[in-house]
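Residue numbers (the working numbering): 2 to 421. A virtual CB, placed ideally from N, CA and C, is assigned to each residue, including glycine. Heads up, the thing below is written out as structure tokens.
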């Protein structure tokens with residue numbers, strides 16, 4: 002039994018979503034309209050550009066992907082209790098350009114208004130299946146729309162989970178307050194201060210620099226004059242508290258008494274390289290010329306999404322990419338064996354311009370996935386290097402010719418091009 006109530010994309014909606022998928026952009030669904038169908042239950046048509054008899058249009062309250070089906074978009078609108086007085090038989094979704102993207106019919110329901118003696122808040126929902134939800138902007142303006150109780154409850158759960166996770170990490174952290182000094186083995190920064198103890202203090206109280214200088218001055222003043230000589234000697238040695246260790250380490254690094262320096266003395270560059278076990282590479286300069294070693298900067302590379310290119314030191318450039326083309330149109334039809342084949346030509350720009358010339362370009366047609374197999378019979382793809390002006394081969398693009406019996410098909414191709 003055919004479905005009595007259903008939703009579908011309009012022709013403009015299908016074109017816009019296909020273009021958005023191919024170009025990597027998005028369609029912005031912003032408004033939902035409802036109508037009474039002129040008193041009769043309408044049958045949605047993809048050729049529609051408006052509802053049969055629109056009664057109300059307002060911003061979408063909720064726009065999301067169905068958690069149980071990633072190919073379905075759920076759009077909701079709330080009609081307040083102070084609006085109504087009409088039947089609801091048809092629904093439409095409009096984009097930010099005011100074009101009808103999708104249309105649906107629904108079970109007839111009357112939306113009363115308070116002045117009629119009855120009123121209710123009505124939630125209208127449309128479930129729409131699209132080929133790629135990435136091509137649709139799932140965003141609403143929360144400052145101008147109402148929220149359902151379910152939406153509020155869901156958001157409260159999200160916030161609670163985030164707060165609980167944040168607090169559990171805070172409690173589990175060994176030092177959650179890094180801006181404060183720890184009680185055990187604190188590390189101070191800046192210029193910390195503390196009370197200066199009396200010079201006679203012999204407790205575990207913190208000793209300030211003023212306390213230490215006072216104690217040292219008392220020691221010097223009570224010592225014999227010979228201590229002055231020791232002080233001068235210490236200053237001459239840089240006041241190194243580990244002088245013996247410093248001297249021992251310095252002596253350990255002296256040149257061993259062997260024939261190494263004698264063997265190297267007076268040798269030519271080639272003899273020194275031989276002695277050190279270095280080959281011709283040690284004598285080569287860095288650059289891209291003859292007898293030079295290329296620097297890593299000569300091996301350039303770039304990647305942007307599905308497109309990439311790399312360049313070798315000799316100037317050779319390789320460019321690769323994957324892209325979805327526009328839907329196949331009614332171009333160059335030819336009937337073979339009772340089947341009509343369409344050949345659609347596309348121009349594809351390279352990720353970057355070849356500085357000098359495009360040498361060769363190949364393209365392959367992406368197949369279906371292993372888990373979603375289908376026939377590829379009757380489909381073919383070929384390339385042409387294209388021209389910029391006259392007969393010169395293009396440095397910026399190439400042409401793809403795709404042949405298929407399926408009008409409206411959106412082909413995906415992989416390409417690789419070599420040039421310099």
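What is the DSSP secondary structure of residue 277, reduced to helix, strand or coil? In the three-state scheme derived from DSSP, where H, G and I count as helix and E and B as strand, residue 277 is classed as helix.
Could you pull the start and end residues of the alpha helix (DSSP H) that residue 244 belongs to? Unbroken alpha helix (DSSP H) run through residue 244: 244 to 253.
Do residue 33 and residue 125 come within 8 angstroms of each other at the CB atom, strictly closer than that value? Contact flag set, yes.
CB-CB under 7 angstroms to residue 54, same chain, minus the five flanking residues each way: which ones, in chain order? Excluding sequence positions up to five before and after residue 54, its CB lies within less than 7 angstroms of the CB of 36, 37, 38 and 39, all in the same chain and listed in chain order.
Could you tell me the distance, in whole angstroms, from the CA atom of residue 175 to the CA atom of residue 169? So the two alpha carbons sit approximately 12 angstroms from each other.
Is the separation between the beta-carbon of residue 121 and that of residue 82 shorter than 8 angstroms? Judged by their CB atoms, residue 121 and residue 82 are nearer to each other than the 8 angstroms cut-off.
Per the DSSP calculation, residue 425 is bridged to which residue(s)? The shown model of the chain, from 2 to 421, leaves out residue 425, and the question about it has no answer.
Can residue 405 and residue 349 be called in contact, C-beta distance under 8 angstroms? No; because the gap between Cβ atoms is not below 8 angstroms, this pair is not in contact.
So, using beta-carbon positions, are residue 320 and residue 353 closer together than 8 angstroms? In contact: residue 320 and residue 353 (Cβ atoms closer than 8 angstroms).
Selected residue, minimal CA-CA separation from residue 1, among 14, 87, 25 and 167: Any answer about residue 1 is impossible in this case: the structure gives the chain only from 2 up to 421.
Taking the beta carbon of residue 10 as the centre, do at least 16 other beta carbons fall within 10 Å, making it buried, or is it exposed? Per the 10 Å Cβ criterion, buried.
Excluding five sequence neighbours on each side, which residues of the same chain lie with their C-beta closer than 6 angstroms to the C-beta of residue 301? Result list for residue 301: 312, in chain order.
Where do the N-terminal and C-terminal ends of the beta strand (DSSP E) with residue 188 fall, by residue? Membership of residue 188 in any beta strand (DSSP E) is not indicated, and neither H nor E is assigned to it by DSSP.
Euclidean distance between Cα positions of residue 190 and residue 181: Rounded to the nearest angstrom, the gap between the Cα atoms of residue 190 and residue 181 is 11 angstroms.
On the CB-based measure, 16 or more other CB atoms within 10 Å of its CB, does residue 270 come out buried or exposed? Around the Cβ of residue 270, a 10 Å sphere holds fewer than 16 other Cβ atoms; the residue is exposed.
Presumed contact (8 angstroms Cβ cut-off) between residue 23 and residue 411, rounded CB distance: The Cβ separation is near 7 angstroms, so the contact holds.
Considering only their Cβ atoms, is the gap separating residue 51 from residue 87 smaller than 8 angstroms? Taking C-beta atoms as the reference points, residue 87 and residue 51 fail to come closer than 8 angstroms.
So what does residue 58 bridge to, in DSSP terms? Partner(s): 34.
Who are the near neighbours of residue 197 in its chain, counting only those whose CB is closer than 7 angstroms to its CB and skipping five residues on each side? Answer for residue 197: 209, 211 and 212, listed in chain order.
Confirm, please, whether the CB-CB distance from residue 362 to residue 384 is below 8 angstroms. Yes; because the gap between Cβ atoms is below 8 angstroms, this pair is in contact.
Restricting to runs no shorter than 3 residues, where is the beta strand (DSSP E) found entirely within the region 67 to 124? Unbroken beta strand (DSSP E) runs of no fewer than 3 residues, entirely contained in the region 67 to 124, are found at 73 to 80, 87 to 96 and 101 to 112, following chain order.
Which residue's Cα is closest to the Cα of residue 94: 345, 304, 108 and 47? Here the closest residue by C-alpha is 47.
By how many angstroms is the C-alpha of residue 344 removed from the C-alpha of residue 387? Cα to Cα, residue 387 sits roughly 17 angstroms from residue 344.
Quick one: residues in its chain with C-beta nearer than 6 angstroms to the C-beta of residue 5, no 5 flanking neighbours on either side, listed in chain order? None.
Same chain only: Cβ atoms within 6 angstroms of residue 369, ignoring 5 sequence neighbours per side: The beta carbon of residue 369 sits closer than 6 angstroms to the beta carbons of 375 from its chain, once the five residues preceding and following it are set aside; these are given in chain order.
Which runs of the beta strand (DSSP E) at least 3 residues long sit entirely within the region 335 to 411? Give them in chain order. List check, beta strand (DSSP E) in window: 335 to 337, 340 to 350, 359 to 366, 381 to 385 and 398 to 405.
Kindly indicate which residue of 132, 398, 394 and 323 has the alpha-carbon position closest to the one of residue 367. The residue with the shortest Cα to Cα distance from residue 367 is 323.
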